[in-house]
Every structure is written in structure tokens, then in C-alpha cells.
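Undergrad:
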Amino acid sequence: MAENTFWKSLFRTKAIEAYQRESQESGLRRALGRWALVSLGIGAIIGGGIFTLTGVAAKNYAGPAMALSFVIAGFACLLAALAYAEFASIVPVEGSAYAYSYATVGELIAWFIGWNLILEYMMGATTVAVAWSGYFEKLLHLFGAEIPKYLTNDPFTYGNLLGHKGPALAFNLPGFLIAWGVTGILLRGIKETASTNNLIVALKVGAVLFVIIAGAFFINPDNWHPFIPEPIRDESGNIHYGWSGIFTAATIVFFAYIGFDAVSTQAGEAVNPRKDVPFAIVASLLITTLLYIWVSVVLTGMVSYKELDERAPVASAFAGAGVGWATYIITIAATAGLISVMMVMLLGQTRVFLAMAKDGLLPKGIFGYIHPIYKTPFRSTLLVGAIMSVVAGLVPIANVSELTSLGTLLAFTLVSLSVFILRLRRPDLERPYKAPLWPLVSLGGVAVNIFLIAQARKENLRAFAIWAVVGLLVYFLYSYRRSALVQRQEQKPNS
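Residue numbers for the sequence shown follow my numbering, so the first one is 1 and each next one is one higher.
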């Protein structure tokens with residue numbers, strides 16, 4: 001009997017009505033309108049995919065067919081985005097996928113999602129911080145200034161540059177410093193963050209349109225042949241190029257799309273969350289997916305995919321095509337544009353932590369503390385910024401980005417499943433937005449995301465499994481007994 005009670009407790013759910021009441025008293029400042037939310041989504045999405053991972057994905061896995069990788073990732077994200085939009089209209093709180101899962105499939109799954117959102121947001125922001133360092137280094141180089149390589153690379157990358165088998169003494173100082181710069185902006189408040197984001201989004205959308213239009217004049221169709229290079233198997237058993245490489249590349253660029261997920265974490269600061277958050281989720285995804293596809297087609301047409309720089313692929317494509325002056329525009333825009341990606345990702349991470357702290361699964365004194373003046377989760381933001389800065393200084397970009405994609409894919413899978421379950425359990429709920437073609441969209445999202453998870457490299461799946469085990473240990477050693485649901489149940493006999 002006790003064993004049965006234990007298993008039931010792992011899947012206890014938080015009432016949707018409780019979430020709806022909490023949304024009225026979040027403690028955060030409601031300052032975001034519909035288009036401010038769309039701008040936050042675009043700010044998070046445009047950056048990681050276009051300015052950084054296009055190089056990694058095309059050069060190592062997909063070749064010119066990287067455009068197909070973006071189509072596949074975009075389709076999978078669209079299915080998940082529709083599920084997110086429906087949930088955001090029902091549960092307008094800052095917890096995103098964590099809160100959606102807690103309301104439907106139970107606490108253990110919700111915790112696991114929250115744990116993986118650390119990969120999605122904080123590690124995603126770290127990936128972009130490393131990429132920002134690469135563009136900042138290139139920007140300084142354009143103006144005749146240089147930083148020693150041991151101050152712009154992590155120890156492992158620098159060791160490879162020196163031809164060593166292991167790490168060498170190095171630290172990515174620009175990545176470390178930009179993490180603290182972004183943290184400082186976030187600490188001041190949502191209005192300041194949104195205003196900064198709007199300016200940067202205008203700049204980088206203009207730069208992306210410039211890349212598409214200007215780059216089209218320098219396309220050499222020969223660079224697209226073969227469009228899908230012949231597959232190659234490396235020593236670790238991973239397949240590069242071919243259709244397997246295309247799907248692997250899709251898992252790599254997938255993390256770039258999490259901007260629409262970040263929009264859902266801003267429900268606590270949205271003026272009209274039940275209508276504006278679903279709109280912003282879908283709109284930001286559709287706009288940026290089209291831009292991603294066009295940019296990938298242009299870049300692989302301008303230069304051979306083998307010549308793309310993994311850290312600054314857009315600038316390297318224009319330089320390789322002999323359009324040196326354009327690299328100034330692109331590098332400046334990318335250097336500024338990646339800042340907004342980091343801002344929105346860290347914004348999302350701290351809001352998810354806030355939701356978990358409210359439920360007792362994380363320490364409230366750190367993650368649930370709201371600054372009385374700035375109305376921001378102050379201590380949580382400081383902690384997340386500190387961790388991000390250290391990881392950015394010491395960890396290679398490829399390792400971080402692929403783990404981020406796995407965390408994102410799992411979150412999307414469970415949100416799609418949760419929408420399906422909630423339609424069956426609570427058909428009576430008011431749904432200001434309903435995902436179309438149910439249940440095909442929900443179950444299709446589950447199937448597509450699981451398929452993409454299976455395409456990840458074996459070593460990253462192993463690392464992800466270790467991350468999952470650590471998360472479960474933290475839950476059972478700390479969060480299980482401190483859950484707010486448990487505390488309320490224990491107080492009932494005395495009430």
C-alpha cells in the first residue's frame with residue numbers, strides 16, 4: 001500500500017485553476033504587449049542558428065542540404081509551437097513546459113522537464129556567449145586589433161589549435177565578460193530588457209535581410225553540387241552527410257528555435273498573456289524559420305560548405321566570396337544581435353526557476369526572491385549569470401549546443417504529449433487558442449521530436465543520460481519532500 005502511494009505521489013498534479021490564480025499575482029511587472037513578445041521571440045531565435053551553428057551544421061554534417069535541416073527542425077518546432085500556444089492560453093504562467101507538464105502528467109515529469117530546461121536556456125545562452133566571443137574577435141580584427149588566442153578560446157579548443165591531444169592553459173575572456181554584461185541588463189528590469197531587445201532585433205533583422213539580398217548576387221550554383229554529399233562514417237561511428245547527416249544537423253540547429261519557448265516564460269510579465277503569448281509564439285517561429293531557410297541557401301551557395309568558419313560562418317561566407325566590405329556590416333550586426341539571444345534565454349531560465357521555486361522544488365530564498373524595486377528574480381539571475389560566465393570561458397561550443405538541442409527536443413515532446421492528455425482529461429476547459437488538426441498535431445509532434453532525439457550523436461546521448469540521472473538524484477534528495485503539494489497535504493490533518 002505504501003509503495004503504491006509512493007508511486008502515485010510521483011505523478012501528483014497541480015490544479016490548472018491554481019496556476020490561473022497564481023497568474024494574477026506573479027509579483028512580476030506586466031509590461032509586455034503583443035509585439036514586444038514577438039520581438040522577444042525573434043530576439044532569441046535569430047542569432048544562434050544563423051550567426052553560429054550554420055557553420056557547424058553545414059561543414060560537418062549536412063553540406064548544402066543544411067536548408068533541409070532547417071526545414072525539418074522548423075516543422076518539428078511548428079508542431080510543438082502549436083501545442084505551446086494552446087497551453088499558454090490555458091496556463092498563462094512563467095513556468096513554460098515545466099508548468100504545462102505539472103498540470104497534466106505529474107510532478108516527476110515536470111521536474112525532469114524543468115531540469116532539461118537548464119540545458120535549453122542556460123546552456124543555450126552559454127553557446128551563444130561563446131559564439132559572440134568569436135564574432136567579437138573577428139570585429140576587433142577588422143579594425144586592426146588582436147586578442148591572444150589563449151584569451152578567446154576554451155582550454156580544449158586552444159589545445160587543438162596548438163596540436164595538443166588534451167587541453168591547454170586558456171580562458172574565453174570575451175565570452176565570460178559578455179555573460180556578466182547581459183546579466184547586468186536583466187537585473188535592472190523587464191522594461192529595460194525589452195527596450196534593449198527591440199533595438200537589437202531591428203538591427204539584426206536588417207542584417208539578415210542584407211545577407212539574403214546581397215548574398216544572392218554572389219551565389220555560385222556549383223557550390224550546391226552535390227546538394228547532399230555522400231555519407232561518411234567517422235571513427236566513433238557517427239555518420240556525416242547524407243540523410244543521416246541532415247537529420248543530425250537538424251538536431252544541432254534545433255536549439256536555435258527555442259525563442260518561441262522563451263516567449264511562453266514571459267506570461268507573468270505579459271499584459272494580456274492568454275491571447276498575446278500564443279500569437280507571439282507562432283508568429284515569431286514562422287517569421288524566423290523563413291529567414292533561416294533563405295540564409296542557409298544563400299550561404300552554401302556563396303562558398304563551399306567546407307570553407308565555412310564554424311564560429312563566424314556568415315562573415316566568412318562573404319569574405320570567401322570576395323565581398324570584404326560586407327563583413328563589417330555582418331560582424332557588427334552579429335556581435336550586437338547575439339546579445340539579445342543571451343538576454344532572452346537567461347530571462348527564460350530565471351522565470352522557469354521562479355515557477356519551480358513557487359512549487360517548492362527549488363530553494364525559494366534564491367530562486368523565488370523578487371527584488372522589491374526592479375521586480376526581477378534578482379538572486380536567481382545573479383547565480384545563472386555566474387554559472388553561464390564560467391562555462392562560456394571553459395567549455396567548447398559544439399559540446400554545449402548539442403546537449404542543448406536534446407533538452408529542447410525532450411521538452412517539446414512532453415509538451416505535445418501533455419496537450420493530448422489534457423484534451424482527453426479536461427475537454428471542459430476554456431481554450432482561447434486551440435491547436436488545429438488534433439490529435440495529429442500533438443501526436444505528430446511527439447513522433448517527430450523522438451525521431452530527432454534518436455539522430456543525435458552517441459556520445460551526446462550518453463552525456464544526456466548522465467545529466468538525466470543527476471537530475472533525478474536532485475529531485476529525490478531535495479525536491480520530493482519539499483514540494484508545495486506535499487506540504488499542503490501534511491498540513492491538512494492539523495487544519
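Don't be surprised by glycine CBs; every beta carbon is placed ideally from N, CA and C.
From G337, Q455, R462, L299, pick the residue whose C-alpha is nearest to that of S244; which is it?
TA: Q455
Undergrad: Nearest to E430 by alpha carbon, out of Q20, I90, H225, T54?
TA: I90
Undergrad: So, are the CB atoms of L299 and P313 less than 8 Å apart?
TA: Remark: C-beta atoms of L299 and P313 approach each other more closely than 8 Å.
Undergrad: Going by DSSP, what residue range makes up the alpha helix (DSSP H) through F260?
TA: 259-264
Undergrad: Answer yes or no: do W115 and G471 have a C-beta to C-beta separation smaller than 8 Å?
TA: yes
Undergrad: Extract the residue ranges of the alpha helix (DSSP H) inside the stretch 257-330, only unbroken runs of 4 or more that lie entirely within it.
TA: Counting only runs of at least 4 residues, the stretch 257-330 fully encloses the following alpha helix (DSSP H) elements, listed from N- to C-terminal order: 259-264, 273-302, 313-320.
Undergrad: Going by beta-carbon coordinates alone, are T193 and L186 separated by less than 8 Å?
TA: yes
Undergrad: Distance, Cα to Cα, I219 vs M302?
TA: 4 Å
Undergrad: What do you reckon, are the CB atoms on G393 and G206 nearer than 8 Å?
TA: Not in contact: G393 and G206 (Cβ atoms no closer than 8 Å).
Undergrad: Taking just the CA atoms, how far does L161 sit from Y150?
TA: Using only the alpha carbons, I get a separation of about 10 Å.
Undergrad: May I ask you to list the residues that DSSP assigns as paired with L32?
TA: A270
Undergrad: Rounded to whole angstroms, what's the CA-CA distance from V277 to N460? Just pull it up for me.
TA: Near 33 Å, if we compare the C-alpha coordinates of N460 and V277.
Undergrad: Just curious, the alpha helix (DSSP H) that A110 is in, first and last residue?
TA: 107-118
Undergrad: Closest by CA to T413, which one among L142, Y433, C77?
TA: The shortest C-alpha to C-alpha distance from T413 to any of L142, Y433, C77 is the one to C77.
Undergrad: Would P493 be called buried (16 or more neighbouring beta carbons within 10 Å of its own) or exposed?
TA: Interpretation of P493 is limited by its pLDDT of 49, a score under 50 that renders its predicted location unreliable; the figure taken from the coordinates is listed afterwards. Its Cβ having fewer than 16 others within 10 Å, P493 is exposed.
Undergrad: From F143 to Y135, what distance separates their C-alpha atoms?
TA: 13 Å
Undergrad: With a floor of 4 residues, list each alpha helix (DSSP H) that falls wholly inside the stretch 189-221, ordered by position along the chain.
TA: 190-216
Undergrad: Touch check for the stretch 348-362 and the stretch 57-69: three-plus C-beta pairs under 8 Å?
TA: no
Undergrad: H141 bridges to which residues according to DSSP?
TA: DSSP lists no partner for H141.
Undergrad: Who pairs with R233 in a beta bridge, going by DSSP?
TA: I239
Undergrad: Output needed for L10: all residues of its chain with C-beta closer than 6 Å, excluding positions within five of it in sequence on either side, in chain order.
TA: L108
Undergrad: Assuming the contact rule is C-beta atoms closer than 8 Å, M345 and A262 should be a hit. Round their C-beta distance to whole Å, please.
TA: 6 Å
Undergrad: Would DSSP call L169 helix, strand or coil?
TA: coil
Undergrad: How about R481 and E269: are their beta carbons less than 8 Å apart?
TA: no
Undergrad: Starting from G445, trace the alpha helix (DSSP H) in both directions and tell me its first and last residue.
TA: 440-454
Undergrad: Go through its chain and collect everything with a Cβ distance to A58's Cβ below 8 Å, but skip five positions before and after it.
TA: P64, M66, A249, S296, L299, T300, Y305, L308, P313
Undergrad: Quick check on E86: buried or exposed, where buried means 16 or more other Cβ atoms within 10 Å of its Cβ?
TA: With 16 or more other Cβ atoms from the protein chains shown falling within 10 Å of its own Cβ, E86 counts as buried.
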